[in-house]
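Asks: One structure, pasted below without further comment.
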Amino acid sequence: MNVAGKTIVVTGVASGIGAEVARQFQAAGARVIGMDRNEPSTPVEQFIKIDLSNPASIKAAADCVAEGIDGLCNVAGLPPTAPAEIVMAVNFLGLQALTDALVEKMSQGGSIVNVASLAGAGWPGATEQINSFLADASFDNISETCERLDIVGPRAYFFSKEVLICWTMKHRWSWRDRGIRMNCVSPGPVETPILADFIATLGERAEEDMRIMDRPGAPTDIAPVVQFLCSDESAWIRGANIPCDGGMFAHVQCQMNNLG
Ligand code: NAI
259 MNVAGKTIVV TGVASGIGAE VARQFQAAGA RVIGMDRNEP STPVEQFIKI DLSNPASIKA
319 AADCVAEGID GLCNVAGLPP TAPAEIVMAV NFLGLQALTD ALVEKMSQGG SIVNVASLAG
379 AGWPGATEQI NSFLADASFD NISETCERLD IVGPRAYFFS KEVLICWTMK HRWSWRDRGI
439 RMNCVSPGPV ETPILADFIA TLGERAEEDM RIMDRPGAPT DIAPVVQFLC SDESAWIRGA
499 NIPCDGGMFA HVQCQMNNLG
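All the letters of the sequence shown, read from the start, carry residue numbers 259 to 518 under the working numbering.
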């Protein structure tokens, strides 16, 4: 896969998966524009501070980006321990607003990659709530929308990723005339600073998952998949959600569908 010479925007660049995605793109000869609320420790070509819970900050950050982006990797996200309306704002509304603002600046054949999660795999059981959220939710009404749809506590993290996977599928052909496509990567548990939050929130279920898995993932397991989805070789993959989880998605599906 070749990404040399491409210009790629990476959110969440200051930590974990986003930092590794940026490092691997740069090692492969791409130019990285990093975005985060915190300064990255690894240098990038351009760093733009952004608060994805704040529409004014998103607009200001998008205004700093020049035309001609080849990739947008939406990696930044909050764990389930954050308040529900903030999780929905950062993990979905902010990602959506940034994407809407940057898609106009993307080159022909560009690629958008959203980091979702194994936690979003339950979307087929929540399509009514998801459609309702996508129809009405905004930064102005996010608290009321969460209340109305009963998105409280850690459920917000799962719901944010369910919405993200469905929104990605809905956009399968939105920019087909420009060759621009959007896909998701769904990691299982990955060793980054937020893994402890997941284990604290999910309790016994997380411990059981960690027991079944041979090992937790590392950012180095996820970054190559993100990079492949930004390469021209993956041009026909559109609206997909690719699990990268040591087999956990397959395991859950086998259990749910009595496949053994
Ligand atoms: P991390 O905590 O290491 O990195 C998240 C980054 O997002 C941080 O640099 C943080 O500053 C940034 N961020 C958070 N809120 C922000 C805001 N309001 N504005 C701008 N930037 C903000 O976490 P990690 O693990 O690298 O997570 C990256 C993505 O991967 C997230 O979307 C997460 O949901 C997803 N993921 C992580 C898994 C894991 O086990 N670590 C599993 C599945 C998905």
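All C-beta atoms in this analysis are idealised placements derived from N, C-alpha and C, irrespective of residue type, glycine included.
Can you tell me whether DSSP reads Met293 as helix, strand or coil?
Replies: Note: Met293 maps to strand in three-state DSSP.
Asks: Going by the DSSP bridge assignment, what does Ala266 pair with across the sheet?
Replies: The question names Ala, but residue 266 in the sequence shown is Ile. According to DSSP, which records beta bridges pairwise, Ile266 is partnered with Val290, Gly329.
Asks: Going by beta-carbon coordinates alone, are Val371 and Leu487 separated by less than 8 angstroms?
Replies: Yes; because the gap between Cβ atoms is below 8 angstroms, this pair is in contact.
Asks: Please return the same chain residues whose Cβ sits closer than 8 angstroms to the Cβ of Pro412, not counting the five positions on each side in sequence.
Replies: Here the set comprises Pro338, Thr339, Thr459, Leu460.
Asks: Tell me which same chain residues have a C-beta within less than 7 angstroms of the C-beta of Leu336, skipping the five on either side of it?
Replies: Same-chain partners within the cutoff: Ile344, Val345, Val348, Asn349.
Asks: Nearest-angstrom Cα distance between Glu462 and Ala377?
Replies: Going by the C-alpha atoms only, they are around 15 angstroms apart.
Asks: Gly497 by DSSP, collapsed to three states: which one?
Replies: The answer is coil: DSSP assigns Gly497 none of H, G, I, E or B.
Asks: Buried or exposed for Cys424, please, with buried defined as at least 16 other CB atoms from any protein chain shown within 10 angstroms of its CB.
Replies: Answer is buried; the Cβ neighbour count reaches 16.
Asks: Consult DSSP for Pro445 and reduce its assignment to one of helix, strand or coil.
Replies: Reduced to three states, the DSSP call for Pro445 is strand.
Asks: Do the segment 438 to 458 and the segment 490 to 501 meet, that is, are 3 or more Cβ pairs less than 8 angstroms apart?
Replies: Segments in contact, yes.
Asks: Does the distance between the C-beta of Val296 and the nearest non-hydrogen atom of the ligand NAI fall short of 7 angstroms?
Replies: It should be noted that the sequence gives Asn, not Val, for residue 296. Checking the Cβ of Asn296 against the ligand NAI gives yes.
Asks: Count the other CB atoms within 10 Å of the CB of Asn389; is the residue buried (16 or more) or exposed (fewer)?
Replies: It is exposed - the Cβ of Asn389 has fewer than 16 other Cβ atoms within 10 Å.
Asks: Closest to Ala537 by CA distance: which of Pro301, Met293, Asp294, Gly270 is it?
Replies: This structure cannot settle anything about residue 537, because the visible part of the chain is limited to 259 through 518.
Asks: Please name the residue or residues paired with Gly475 in a DSSP beta bridge.
Replies: DSSP, once it has assigned bridges, lists Val448 as partnering Gly475.
Asks: Report the rounded CA-to-CA distance for Ile495 versus Arg439, giving the unit in angstroms.
Replies: Each residue's Cα considered, the two are about 8 angstroms apart.
Asks: Can you give me the start and stop residues for the alpha helix (DSSP H) that Asn593 sits inside?
Replies: Only positions 259 to 518 of the chain appear in this structure, which leaves residue 593 out of reach.
Asks: Below 8 angstroms, can you find three or more Cβ-Cβ pairs linking the segment 473 to 490 to the segment 399 to 406?
Replies: No contact exists between the segment 473 to 490 and the segment 399 to 406.
Asks: From the DSSP secondary-structure annotation, give me the bridge partner or partners of Val373.
Replies: Beta-bridge pairing links Val373 to Val443.
Asks: Is it true that the CB of Gly329 sits closer than 8 angstroms to the CB of Lys264?
Replies: Against a cut-off of 8 angstroms, the Cβ pair of Gly329 and Lys264 comes out as a contact.
Asks: With DSSP as the reference, label Cys322 as helix, strand or coil.
Replies: Cys322: coil per DSSP, three-state reduction.
Asks: From what residue to what residue does the alpha helix (DSSP H) around Ile306 run?
Replies: Run containing Ile306: none in the alpha helix (DSSP H); it sits in the beta strand (DSSP E), 304 to 307.
Asks: By how many angstroms is the C-alpha of Phe456 removed from the C-alpha of Ile275?
Replies: Spanning the two alpha carbons is a distance of roughly 15 angstroms.
Asks: Output needed for Leu422: all residues of its chain with C-beta closer than 8 angstroms, excluding positions within five of it in sequence on either side, in chain order.
Replies: Taken in chain order, the residues that qualify are Asn349, Phe350, Leu353, Asn372, Ala374, Gly378, Cys442.
Asks: Any heavy atom of the ligand NAI closer than 7 angstroms to the Cβ of Thr269?
Replies: Because some heavy atom of the ligand NAI lies under 7 angstroms away, the Cβ of Thr269 counts as near it: yes.
Asks: Quick test of the definition: if touching needs 3 or more C-beta pairs under 8 angstroms, does the segment 315 to 333 touch the segment 356 to 364?
Replies: Touching, yes, given that three or more Cβ pairs across the two stretches are closer than 8 angstroms.
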